[in-house]
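Residue numbers (our numbering): 18 to 162. Glycine included, C-beta positions come from ideal geometry on N, C-alpha and C.
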């Protein structure tokens, strides 16, 4: 919620605890079953697609800012550190989209940031992936949800 505070605006954030969750790096480093891995990557793809569809650009998107949680019915992905999110609105007036390039820009920028983060986690030894495995993972995350 935004509200005026002098010359500036302030914003409140809601903080919740998400049980049975781990960040994307911890998940990828774990020896999860293929079915769990596919569900988690699909959840990340859905999260990134929703961000792009709403013109949300995360200025510090990295693999540790994506939290994965299992529910009874699905794996969900949550976006963390939302104070670094910029909203790049696009308008749809009578079926005509104004600034539709904002959606593509947000999508490409978020994917590029996440890819850089995954490369960094491999370099630091947090993820034991070969160059081929890393590239396959990045390509898989870019595929449409």
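| Asked | Found |
| --- | --- |
| Residue ranges of each beta strand (DSSP E) within the stretch 66-90, 3 or longer | 73-75 and 83-87 |
| Anticipated Cβ contact below 8 Å, residue 39 with residue 93, distance rounded | About 12 Å separates the two Cβ atoms, so there is no contact after all. |
| Beta-ladder partner(s) of residue 40, from DSSP | 84 |
| Where residue 148 falls: helix, strand or coil (DSSP) | helix |
| Span of the beta strand (DSSP E), counted from its first residue to its last, around residue 173 | The structure shown does not extend to residue 173, since the chain is modelled only from 18 through 162, so no value can be given for it. |
| Nearest-angstrom Cα separation, counted from residue 89 out to residue 129 | 32 Å |
| Span separating the alpha-carbon of residue 7 from that of residue 123 | For residue 7 there is no data in the structure shown, the boundaries of the chain being 18 and 162. |
| Sequence-distant residues of the same chain with beta carbon closer than 6 Å to residue 56, five excluded per side | 92 |
| Cross-strand partners of residue 32 (DSSP beta bridge) | Answer by DSSP bridge pairing: none, since residue 32 is not bridged. |
| Rounded straight-line distance, which links the Cα of residue 131 to that of residue 137 | 10 Å |
| Top-ranked residue by Cα proximity to residue 35, from 143, 96 and 160 | 96 |
| Beta-bridge pairing of residue 45 - partner residues as DSSP gives them | For residue 45, which the question treats as bridged, DSSP gives no partner whatsoever. |
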